[in-house]
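Student: Chains as they are written, first to last, in the working numbering: chain A, 490 to 625; chain B, 18 to 662.
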Amino acid sequence: MKALIALLLMLASAPVFAQSALPPAPYANRQIADPALERKAKALMETIRCLTCQSQSIADSNASMAGDMRSEIRERIMHGEQPEAIRTWLISRYGDWVSYEPTAAPILWPLWAAPLVLLGLGLLLLRGRIKKKARS
Amino acid sequence: MIAETGLAALWLAAALALLQLILAFAGLKGGKPELLAAVRPAAVAQGVLTAIAFALLVTLFLRSDMSVLLVVTNSHSMKPWLYKFAGAWGNHEGSMLLWVTVMGMAGAAVALFERALRRDTHMATLGGQAAISLGFYAFLLFSSNPFARIDPAPADGQGLNPLLQDPGLAFHPPTLYLGYVGLSVAFSFAIGALLTRQVDAAFARAMRPWVLAAWVLLTLGITAGSYWAYYELGWGGWWFWDPVENASLMPWLAATALLHSVTVLATRDALRAWTIMLAVVAFSMSMVGTFLVRSGILTSVHAFAVDPTRGSFILALLALYIGGALALFGWRIGSVREGAPFELVSRETMLVVNNLLLTVILGLVLIGTLYPLMTEAFGHKVSVGAPYFDRIAGPIALALMVAMAAGPLTRWRKDRARLVGKRLLIPAAIALIVAISLSVFALGRIGILPFLGLVIALSVGVASLAPLWKRNLRRTPLFTYGMVIAHLGCAVSLAGMACDSAFTVEKLVAARPGDTIQTAGWTLHFRKIAPLAGDNWTALQADIDVSRGGGSVLIHPQSRFFASPPTTTSEAALLTRWNGQLYVVLGEEVEGGRWQLRVWWKPFVTLIWLGGVMIALGGAMALVGRERRGWLMKWRARKATEVAA
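(1) Check the Cβ of A/Asp549 against every Cβ in chain B and list those closer than 9 Å, keeping chain order.
(2) B/Ala30 and B/Thr67 look like a contact to me (Cβ under 8 Å); what is the Cβ gap, rounded to whole Å?
(3) Per DSSP, B/Arg577 forms a beta bridge with which residues?
(4) Report the rounded CA-to-CA distance for B/Phe16 versus B/Gly499, giving the unit in angstroms.
(5) With a cut-off of 8 Å, does the C-beta of B/Ser161 fall near any C-beta of chain A?
(6) For A/Glu561, go through chain B and note every residue whose CB falls closer than 8 Å to its CB, in chain order.
(7) Taking Cβ positions only, does B/Ile663 come closer than 8 Å to chain A?
(8) Count the other C-beta atoms from every protein chain shown that fall within 10 angstroms of the C-beta of B/Thr658, then say buried if there are 16 or more, exposed otherwise.
(9) If contacts are defined as beta-carbon pairs under 8 Å, then B/Ala170 and B/Ser92 qualify, I think. What distance do you get, rounded to the angstrom?
(10) Is B/Ala165 helix, strand or coil by DSSP?
(11) Excluding the five sequence neighbours on either side, which residues of its own chain have a C-beta within less than 6 Å of the C-beta of B/Trp28, listed in chain order?
(12) Which chain B residues are close to A/Ile619, counting only those with a beta carbon under 8 Å from its beta carbon?
(13) Within 10 angstroms of the Cβ of A/Met490, are there 16 or more other Cβ atoms? Answer buried if so, exposed if not.
(14) Mind checking if A/Thr577 is an interface residue toward chain B, Cβ cutoff 8 Å exclusive?
(15) Are A/Ile566 and A/Ala530 closer than 8 Å when you measure CB to CB?
(16) Under three-state DSSP, which class holds B/Met650?
(17) Hey, how far is the Cα of B/Arg408 from the Cα of B/Asn263?
(18) Would B/Ala403 count as contacting chain A if we go by Cβ distances under 8 Å?
(19) Roughly how many angstroms lie between the CA atoms of B/Glu355 and B/Leu212, to the nearest whole one?
(20) With a cut-off of 8 Å, do at least 3 Cβ pairs link the segment 157-168 of chain B to the segment 135-147 of chain B?
(21) In three-state DSSP terms, what is A/Pro515?
(22) A/Asp585 versus chain B: which residues are under 9 Å apart at the beta carbon?
(23) Which of helix, strand or coil does DSSP assign to B/Leu361?
(24) For B/Pro50, does the count of other Cβ atoms within 10 angstroms reach 16, so buried, or fall short, so exposed?
(25) In this structure, does DSSP put B/Gly23 in helix, strand or coil?
(26) Going along the chain, which residues of its own chain have a beta-carbon closer than 7 Å to the beta-carbon of B/Leu129, five neighbours each way excluded?
(27) How about A/Ile596: is its C-beta nearer than 8 Å to some C-beta of chain B?
(28) Between the beta-carbon of B/Ala203 and the beta-carbon of B/Ala274, is there less than 8 Å?
(29) In the DSSP output, what is B/Thr533 paired with across the bridge?
(30) According to DSSP, is A/Glu570 helix, strand or coil?
(31) Could you tell me the distance, in whole angstroms, from the CA atom of B/Ile453 to the CA atom of B/Ala446?
(32) By DSSP, does B/Gln146 sit in helix, in strand, or in coil?
(33) Just to confirm the assignment, what range does the beta strand (DSSP E) spanning B/Gln215 have?
(34) Look at B/Gly107 and B/Leu186 and say whether their C-beta atoms are less than 8 Å apart.
(35) Rounded to a whole number of angstroms, what is the C-alpha to C-alpha distance between B/Ala41 and B/Leu99?
(36) Among B/Gly597, B/Leu624, B/Val198, B/Gly152, which residue has its Cα nearest to the Cα of B/Ser303?
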């Protein structure tokens, strides 16, 4: 009876096994032995977008493609590549969309200028409200 | 019959909203004041009717009535009753009905309980509430009818997204909506005040409790949502800068600014135009958020059924209401006399700095959320996510925390910079000590933002208690305690965020039953893995003994499989200790009978949500404190007139 229940449960769980039909990439869920390198890899993974999920980084995703990308990043870091070089490679392959870290491309200049513009405008408005006497 | 009754109740409520709008404006502008007598009953009846419609939808879900389309597409007869119940709003149509219900009931509450507002402004406010409700009734009835039937009725439904099958669904959306949509009251107050040109301290005192109530609920809703995402998604993150999270954060930022500026208006009769503007912006942000989520123009884990006609409908509503309110603002604000300017060193200036920084963060979150849409229009797809928001909004938020410490220690009207500095001496000393000890013990291991976060959290935490220093604690009013607790809550929450990002230890392993794993002072003994069946799911469950020095505790991370719709979710096992949480996730099976395990030790992470609850509690105390003082004063005045008589 127990065996039958176990079998039924296995059948019910078929989608999971289907997911792991292909062996996952070696470093998808395995950390680099050197903690300093792993920290570097992790920091990069947190800023790379999972391409098959809805707004998640590859560091927080169960998707198999995210696992492959994590493995790729860990292996490249172990080979001594710098995180920014890996990001550039990922961008050249998947486009700017893959990086949550906005680049310095001209189309993003307004985004980086936004905080300064908003703060400047706010301070100007604030200046108008302070008593003239107090300012001089 | 139930579905048709629900639909009829909605149509009646919509008709009453139209009536309420006409009566209010005919009464105020048409020279027929006798019409105003029917405005309040209309608002109350509308609230009752929407509540009935909502209760009927919940009934349909509880009874698994498969002749109703919405139940078919979002429910299943085998679901536990809690998720049948909460599933009523775990979908587009149901959540829009919840929206309309909250709006109707908020209008009824304003009709029943608002006593301080001048009568004509009160009536204009109810007219405004009816005007915005009408648009959302139209949206519900014409493009998102929750009561539509399906013929022939299928044997069973398609089930609810398993990620939503969690007690969080029963609490998070209703609380969030009460706050999110509750801000419509502030919007209507602003419309009312602009129409009757009553923008003064008395108006601000009347509006303040409504803003506070919505803000408290919004705070609780966001806090609950964050914790839910943290334990349900299984990656240990608590905020993802997802467009929908941003959509709830933006109204919160605006409401927080409004809460402070309305106090300046109530106390010093200044910041008139600005306060009205913020009241308009806060609810506008709620509507913008709804548009972003429901139109599907931004991808998000929260987006339900995506339908372009709905998107255009909401966009039209947005243009109508936000545009209309801004036009009214532009037309009338010229006639609102500007309040007196401030001294540079004064509580007023500190509160304006608070407003400035909150508004800048709001602007940045809005720009960052919409920016990918704008670049896409130019054929360039980019992502704006956590790295941008953390780096840009983070430092401004830290500056805001410092202003928050100094604000309550600065006097109204005029103070001296040297005296304010003196009052901040102890917190500054604490900041220095924390900075030095962190540099000694953790230099190079933690980033600059978590470092500053810890320094500021500890010193601001102490500074937030300073308003109670040398005061008679028994005679200190409740609303002062409320402010102290809310500000302390901000520091507590910041401490949790900084500790999580500075000190979290992550370990990924592939382990066989029988293996032992060591991480961050914890020993995990993986005992076995076995199948398990629940109401509408089956699971593989791991038994893991965890210990840290003393006795061991058995925890059970699971991997769950839902049949309808077919989905796998991971149920993390969380072990809470006073100084943090152990977070264990069971992953997939790998070669050699081993299982992926993800283990995190997150020091003091629970402070994030404890702080959120403290902020809400502080708001609730301020609300009760102010209102009770009002009741007491009225009661004493009545007593005095009775004695005189």
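Where is the CB? At the ideal position from N, CA and C, for every residue including glycine.
Tutor: By the coordinates alone:
(1) Locating residue 549 of chain A in the first sequence gives position 60, where the first residue counts as 1. What A/Asp549 touches in chain B: Leu250, Gly251, Trp252, Gly253, Gly254, Phe257.
(2) Locating residue 30 of chain B in the second sequence gives position 13, where the first residue counts as 1. Locating residue 67 of chain B in the second sequence gives position 50, where the first residue counts as 1. With 8 Å as the limit, B/Ala30 and B/Thr67 qualify as a contact, their Cβ atoms being about 5 Å apart.
(3) Stepping through the second sequence from its first residue, residue 577 of chain B is reached at position 560. Its beta-bridge partners are B/Ala556, B/Thr586.
(4) Outside the shown range of chain B (18 to 662) lies residue 16 of chain B, about which nothing can therefore be said.
(5) In the second sequence, counting from the first residue as 1, residue 161 of chain B sits at position 144. Not one chain A Cβ lies under 8 Å of B/Ser161.
(6) As a first step, residue 561 of chain A must be located in the first sequence, where it is residue number 72. Those do not exist, as A/Glu561 stays about 16 Å from chain B at its closest Cβ, beyond 8 Å.
(7) As shown, chain B starts at 18 and ends at 662. That puts residue 663 of chain B outside it, with no answer to give.
(8) Taking the first residue of the second sequence as position 1, residue 658 of chain B is located at position 641. B/Thr658 comes out exposed.
(9) Locating residue 170 of chain B in the second sequence gives position 153, counting from the first residue. Locating residue 92 of chain B in the second sequence gives position 75, counting from the first residue. Their Cβ separation, rounded to whole angstroms, is 13 Å, which puts B/Ala170 and B/Ser92 out of contact at 8 Å.
(10) Here the question's residue 165 of chain B lines up with position 148 in the second sequence. Note: B/Ala165 maps to coil in three-state DSSP.
(11) For this step, residue 28 of chain B is matched to residue 11 along the second sequence. Correct list: empty, nothing qualifies.
(12) Stepping through the first sequence from its first residue, residue 619 of chain A is reached at position 130. Going along chain B in sequence order, the residues near A/Ile619 (Cβ under 8 Å) are Pro358, Phe359, Glu360, Leu361, Thr366.
(13) Here residue 490 of chain A refers to the residue found at position 1 when the first sequence is read from its first residue. Its pLDDT being 41, under 50, A/Met490 is placed unreliably by the model, and nothing is read from it.
(14) For this step, residue 577 of chain A is matched to residue 88 along the first sequence. Answer no: the Cβ-Cβ gap between A/Thr577 and chain B never drops below 8 Å.
(15) Along the first sequence, read from residue 1 onward, the residue named residue 566 of chain A stands at position 77. Along the first sequence, read from residue 1 onward, the residue named residue 530 of chain A stands at position 41. Going by C-beta atoms, A/Ile566 is nearer than 8 Å to A/Ala530.
(16) Stepping through the second sequence from its first residue, residue 650 of chain B is reached at position 633. Looking at B/Met650 - three-state DSSP - the assignment turns out to be helix.
(17) The residue labelled residue 408 of chain B in the question sits at position 391 within the second sequence. The residue labelled residue 263 of chain B in the question sits at position 246 within the second sequence. Answer to the nearest angstrom: the Cα atoms are 16 Å apart.
(18) On the second sequence, residue 403 of chain B is found 386 positions in, with the first residue counted as 1. Closer than 8 Å to some Cβ of chain A, the Cβ of B/Ala403 qualifies, so yes.
(19) Position 338 of the second sequence holds residue 355 of chain B. Position 195 of the second sequence holds residue 212 of chain B. If you take the alpha carbons of B/Glu355 and B/Leu212, they lie about 17 Å apart.
(20) no
(21) Here residue 515 of chain A refers to the residue found at position 26 when the first sequence is read from its first residue. DSSP places A/Pro515 in coil when its eight states are reduced to three.
(22) In the first sequence, residue 585 of chain A corresponds to position 96, counting from 1. The answer, in chain order, is Thr392, His397, Lys398, Val399, Ser400.
(23) In the second sequence, counting from the first residue as 1, residue 361 of chain B sits at position 344. Note: B/Leu361 maps to coil in three-state DSSP.
(24) Position 33 of the second sequence, counted from the start, is the residue given in the question as residue 50 of chain B. Under this definition B/Pro50 is an exposed residue.
(25) Mapped onto the second sequence, residue 23 of chain B falls at position 6. Reduced to three states, the DSSP call for B/Gly23 is helix.
(26) Stepping through the second sequence from its first residue, residue 129 of chain B is reached at position 112. Taken in chain order, the residues that qualify are Val61.
(27) Translated into the one-based positions of the first sequence, residue 596 of chain A becomes position 107. Interface residue, yes.
(28) By 1-based counting over the second sequence, the position of residue 203 of chain B is 186. By 1-based counting over the second sequence, the position of residue 274 of chain B is 257. Not closer than 8 Å, so no.
(29) For the purposes of this step, residue 533 of chain B is taken as the residue at position 516 of the second sequence. In the DSSP output, where bridge partners are listed per residue, B/Thr533 has B/His542.
(30) Within the first sequence, residue 570 of chain A is the residue found at index 81, counting from 1. Looking at A/Glu570 - three-state DSSP - the assignment turns out to be coil, as it is neither helix nor strand.
(31) Start at 1 with the first residue of the second sequence, and residue 453 of chain B comes out as number 436. Start at 1 with the first residue of the second sequence, and residue 446 of chain B comes out as number 429. Approximately 11 Å between the Cα atoms of the pair.
(32) To locate residue 146 of chain B, count along the second sequence from 1; it is residue 129. Helix, per DSSP.
(33) Taking the first residue of the second sequence as position 1, residue 215 of chain B is located at position 198. Premise fails: B/Gln215 is in no beta strand (DSSP E) and is neither H nor E.
(34) Numbered from its first residue, the second sequence carries residue 107 of chain B at position 90. Numbered from its first residue, the second sequence carries residue 186 of chain B at position 169. Yes, the Cβ-Cβ distance between B/Gly107 and B/Leu186 is below 8 Å.
(35) By one-based count along the second sequence, residue 41 of chain B stands at place 24. By one-based count along the second sequence, residue 99 of chain B stands at place 82. For B/Ala41 and B/Leu99, the distance between alpha carbons rounds to 41 Å.
(36) By 1-based counting over the second sequence, the position of residue 303 of chain B is 286. The shortest C-alpha separation from B/Ser303 is found at B/Val198.
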